[in-house]
Amino acid sequence: MDGEAILGALQARFGGALAETHAHRGDHTALVERGALLDVLRHCRDDGALGFDMLADLTAVDYSKFPGREDGPRFEVVYHLLSVPHNHRLRVKVRVSEDDPVVPTASGLWPIADWFEREVWDMFGLRFAGHPNPKRLLLYEEFVGHPLRKDYPINRRQPLIGPKI
Amino acid sequence: MDAAPSGPATTREFMLGEGAGTGGGTQPMQLGVGPQHPAMHGIIRIVTELDGEVIRKADVEIGYLHRAFEKDCEVGGWNNAIPYTDRLNYVSPLINNFGYCAAVEKLLGITVTERCQYIRVVMAEISRICDHLTCVGASSMELGAFTVFLYMIKAREFLWELVEEVTGARLTISYGRVGGVKADLPPAFGDQMRAAFKQVREVLEEVHRLLTGNRIFMDRMVGVGALSPEETIAWGITGPLLRAAGVAFDLRRVQPYWAYDRVEFEVPLGKNGDNFDRYLVRMAEMEQSMRMVEQGLEGMPGGAINVDFEGREIPVDAYVDRGKQGHTEGLLLLPITLSPNLRGQERPAYTQVNVADKRVVLPPKETTYGSIEGLMNHFMLVMDGNGIRPPAGEAYFAAEGANGELGFYVVSDGTDRPYRVRCRPPCLPPVAALPRMIEGQMVADIIPTFGSVNMIGGELDR
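One line per chain: the protein sequences are A and B, in this order.
First residue of the first sequence? That's 97 in the numbering used here, and the numbers climb one at a time after it.
First residue of the second sequence? That's 20 in the numbering used here, and the numbers climb one at a time after it.
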């Protein structure tokens with residue numbers, strides 16, 4: 097299936113839950129309402145013609161310093177789906193505001209989402225409702241803040257931890 | 020879960036004894052492996068819960084090598100991220116370089132020159148061989164085959180000499196550029212490549228004789244750490260591990276980029292998805308990579324680089340002096356001699372491997388030093404606040420790294436700095452699935468399984 101057909105199929109199935117679709121440089125993207133996210137992802141995985149059996153990547157972007165988007169929802173969580181049998185890709189995005197930074201977890205659909213979501217929590221401070229193990233992935237538990245947020249200065253020092261000598 | 024894996028009796032079960040490790044009435048033992056352990060090449064902590072020698076539960080902790088790669092990329096210009104990408108997978112840095120550049124090129128909507136596409140294929144495949152040599156060599160050393168390690172590191176040395184010949188460095192090569200590569204291949208590269216590959220092939224032959232079929236090696240590898248194809252895909256695992264499970268998915272074949280659709284190669288497949296099949300896939304892929312390099316050099320357009328100065332050479336200092344004295348008439352026509360450090364960057368070579376887009380690629384050094392337009396062009400690309408400015412938008416580019424899908428997701432807000440650079444590390448999914456691979460197996464199985472995952476701390480923790 098080519099990207100336009102994938103977006104068309106999703107549009108026909110979910111209609112209003114798809115806030116926006118676009119294709120830029122050959123990457124097809126569907127922007128989904130948060131309430132419908134899990135349904136869309138599950139449909140992408142289970143529908144025979146779509147067959148997105150791999151979650152290739154899951155990450156987030158903080159748009160608070162992006163020109164023209166300072167006032168909109170602050171975060172976007174980005175899912176890159178890949179279908180191994182059909183050899184096509186899709187990007188699914190969901191917008192999350194700063195006041196309510198919660199997204200339903202996809203770890204029930206793809207086990208790898210577990211670690212990817214932990215990394216997003218670590219770096220952006222977004223929570224994933226229903227996550228089995230919501231711990232930081234790369235940084236340590238005593239770390240204060242979420243470094244990939246745009247308001248985290250790159251030169252901030254963190255307190256030293258470790259055994260007292 | 021059941022302690023002993025069900026199924027027909029294997030050599031392993033025979034050695035363990037019937038029903039061993041079921042552990043009636045005993046306490047499980049916690050055993051932490053790592054973060055620094057002599058048999059683990061890489062800093063990672065595996066917390067295991069043991070029942071006798073059988074692993075009941077395992078938990079992996081990563082992050083010891085976190086260097087804020089993604090945050091650092093947002094601080095400098097688009098080309099400034101390239102040295103950081105060297106340090107992602109430090110065994111095959113060329114693929115990271117090119118993968119990042121290709122993502123930015125996709126965002127810019129430009130296509131690199133034909134010759135550059137071939138150079139990228141050639142250099143990326145040499146890197147892939149280095150990576151596989153290191154992986155197989157190190158993991159067999161951990162199984163006691165120290166000779167194999169020495170042989171393979173020797174072979175890698177020949178390849179690193181090739182890399183050094185082209186890029187000027189062995190590890191931190193920074194050879195990729197958005198819109199091309201730093202410099203063209205040296206003139207004698209073909210002969211050097213053939214000499215090096217002859218040695219590498221001999222080493223591979225020897226290693227095959229030493230390992231494939233070796234009783235000790237097989238006992239530790241066959242049937243250990245296996246994942247089914249469905250599970251491998253659900254865990255997001257790509258690359259040699261996916262192909263070892265029998266899934267013919269190679270981005271170079273199914274979503275070809277650069278010149279991969281113009282070289283012939285096979286996609287080696289395994290059957291059982293265990294450590295032994297991963298080893299076989301890696302060994303076979305090295306031969307395929309060498310085939311690709313040979314074909315790439317043969318099919319490379321542009322031919323030999325013949326820079327003919329026809330006696331019109333003048334040294335750079337003399338050139339500058341003449342300019343200072345006001346003798347500028349006809350200066351542009353005079354070629355200048357570049358420092359030997361800039362070999363391959365002479366104007367004819369440089370224009371062959373870089374796109375002719377003044378907004379993206381630095382002008383060749385002759386133009387920079389020799390004309391005011393070139394100088395301005397150069398400054399407009401390197402001065403703070405100027406530089407490459409992709410239009411606002413986002414792009415995801417996936418290259419077949421040595422460990423699997425190496426993805427770069429780049430977001431631009433239209434300025435000269437990346438708004439967001441995300442690297443999708445190919446070895447993160449298999450490390451996440453490591454508990455799944457070793458649970459129910461024995462403590463000693465951690466080592467070969469962890470070796471076959473080929474964890475690279477640089478790209479795992481970024």
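Glycine included, every Cβ here is placed at the ideal spot set by N, Cα and C.
Model, not experiment: these values are computed from the prediction.
Over the uninterrupted alpha helix (DSSP H) stretch that includes residue i, give me the two end residues.
i: B:R134; result: E133 to E161
i: A:G213; result: First, the amino acid is wrong: residue 213 of chain A is Glu here, not Gly. Taken as a continuous stretch (DSSP letters only), the alpha helix (DSSP H) holding A:E213 covers A209 to F220.
i: A:Q127; result: According to the sequence as given, residue 127 of chain A is Leu; it is not Gln. Not the alpha helix (DSSP H): A:L127 falls in the beta strand (DSSP E), residues D123 to V128.
i: B:V79; result: That residue, B:V79, is in no alpha helix (DSSP H); its beta strand (DSSP E) goes V73 to E80.
i: A:V136; result: L133 to D142
With DSSP collapsed to three states, give me the class of residue i.
i: A:Y159; result: coil
i: B:R239; result: helix
i: B:Y276; result: coil
i: B:R228; result: helix
i: B:D296; result: helix
i: B:T386; result: helix
i: B:R196; result: strand
i: B:A451; result: helix
i: B:P409; result: coil
i: A:V330; result: Only positions 97 to 261 of chain A appear in the structure, and residue 330 of chain A is not among them; the question remains open.
i: A:P249; result: coil
i: B:Q49; result: strand
i: A:P228; result: coil
i: A:R223; result: strand
i: B:M212; result: helix
i: B:T251; result: helix
i: B:N473; result: coil
i: B:A188; result: coil
i: B:P467; result: helix
Quick one: is residue i buried, meaning 16 or more other Cβ sit within 10 Å of its Cβ, or exposed?
i: B:F3; result: The first residue shown for chain B is 20 and the last is 481, placing residue 3 of chain B beyond what the model contains.
i: B:P320; result: exposed
i: A:S193; result: exposed
i: B:L169; result: exposed
i: B:R331; result: Its pLDDT being 35, under 50, B:R331 is placed unreliably in this model, and the value from its coordinates should be taken loosely. B:R331 should be labelled exposed.
i: B:R146; result: Going by the sequence as given, residue 146 of chain B is Ser instead of Arg. The residue is buried, with at least 16 neighbouring Cβ atoms inside 10 Å.
i: B:D78; result: exposed
i: B:D280; result: exposed
i: B:E283; result: exposed
I need the straight-line Cα distance from residue i to residue j, nearest angstrom please.
i: A:A145; j: A:L134; result: 18 Å
i: B:V73; j: B:A463; result: 9 Å
i: A:R191; j: A:A126; result: 11 Å
i: A:T117; j: A:W211; result: 27 Å
i: B:G209; j: B:L316; result: 7 Å
i: B:P382; j: B:I101; result: 18 Å
i: A:V180; j: A:P255; result: 45 Å
i: A:G241; j: A:I257; result: 15 Å
i: A:K161; j: A:Y248; result: 12 Å
i: B:G128; j: B:E68; result: 51 Å
i: B:V52; j: B:V197; result: 41 Å
i: B:M402; j: B:G433; result: 16 Å
i: B:R271; j: B:I391; result: 42 Å
i: A:F148; j: B:C135; result: 33 Å
i: B:F117; j: B:G195; result: 6 Å
i: B:A323; j: A:L177; result: Caution is warranted here: a pLDDT of 29 is assigned to B:A323, below 50, making its placement in the model unreliable, and the coordinate value is therefore given only provisionally. For B:A323 and A:L177, the distance between alpha carbons rounds to 43 Å.
i: B:Q482; j: B:D70; result: There is no way to answer for residue 482 of chain B, as the model of chain B reaches only from 20 to 481.
i: B:Y109; j: A:Y159; result: 31 Å
i: B:L447; j: B:M474; result: 8 Å
i: A:G111; j: A:D98; result: 19 Å
i: B:V123; j: B:P112; result: 17 Å
i: B:L181; j: B:A368; result: 19 Å
i: B:A264; j: B:G470; result: 17 Å
i: B:A451; j: B:E365; result: 47 Å
i: B:V430; j: B:K76; result: 39 Å
Can you name the start and end residues of the beta strand (DSSP E) that residue i belongs to?
i: B:P437; result: P437 to R443
i: A:E117; result: The amino acid at residue 117 of chain A is misidentified as Glu; the sequence shows Thr. That run of the beta strand (DSSP E) goes L114 to H120.
i: A:H176; result: F171 to S179
i: B:F427; result: G423 to S431
i: B:L69; result: R64 to D70
i: A:P200; result: V198 to P200
Heavy atom of the ligand ZN less than 6 Å from the Cβ of residue i, yes or no?
i: B:N405; result: Although the ligand ZN was asked about, the structure shown includes no ligands whatsoever.
Using a Cβ-Cβ cut-off of less than 7 Å, list which residues of the region 82–105 of chain B approach chain A; keep chain order.
-> G82, H85, A87, E89, K90 and V94
Got a sec: which bits of the region 46–64 of chain B sit with their beta carbon under 9 Å from any beta carbon on chain A, in order along the chain?
-> none
Near-chain A residues of the region 280–312 of chain B (beta-carbon distance less than 8 Å), N- to C-terminal order | none
Closer than 9 Å, Cβ to any Cβ of chain A: which residues of the region 431–459 of chain B, in chain order?
-> D432, G433, T434, Y438, R439, R441, R443, L447, P448, V450, A451, A452 and R455
Quick one, which residues of the region 266–277 of chain B are near chain A if we go by CB-CB under 8 Å, in chain order?
-> V266, F268, V273 and Q274
Where the region 133–164 of chain A meets chain B: residues whose CB sits under 7 Å from a CB there = D149, M150, L151, A152, D153, T155, V157, F162 and P163
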